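Down below is the structure, laid out as structure tokens.
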Amino acid sequence: VGRGGRDLLEIMVKDGTLIKVKEDLYFHKKSIQELKGRLVDFIKEKGEVATPQLKEITRVSRKYTIPLIEYFDKIQLTVRIGDKRILRKRQ
């Protein structure tokens, strides 16, 4: 992405249209909200989620699954325990 493209991405992050998951990886806010809801529902039902399960929930490749679960850790939705994630207590 050229400089103009990066500027546009940053504008869209600032106005809330996009969410920056990691360097050079952005998702539409609505997609993240939908995924967050499915993830919370899954963990509430099963108690935890592992990366392969999240891959099934998201229907995206591991290339995107790992940054997404790390993003949910970063925003304190989930916490990593070994190779699984659980919801933080505030849920």
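Note that the UniProt record's numbering has the sequence shown beginning at 1, numbered continuously upward. Don't be surprised by glycine CBs; every beta carbon is placed ideally from N, CA and C. Predicted model, so just to flag it, every value in this text is computed and none were measured.
Judged by DSSP secondary structure, residue 9 falls within the alpha helix (DSSP H) whose first and last residues are 3–14. Its chain contains 51, 54, 55 and 58 as the residues whose beta carbon lies nearer than 8 Å to that of residue 65, once the 5 sequence neighbours on both sides are disregarded; these appear in chain order. Boundaries of the beta strand (DSSP E) harbouring residue 80: 78–81, taken from the DSSP string. With fewer than 16 other Cβ atoms inside 10 Å of its own Cβ, residue 17 counts as exposed. Annotation: residue 42 to residue 82 spans about 18 Å, alpha carbon to alpha carbon. Across the set 15, 23, 47 and 19, the C-alpha of 19 shows the shortest separation from the C-alpha of residue 35.
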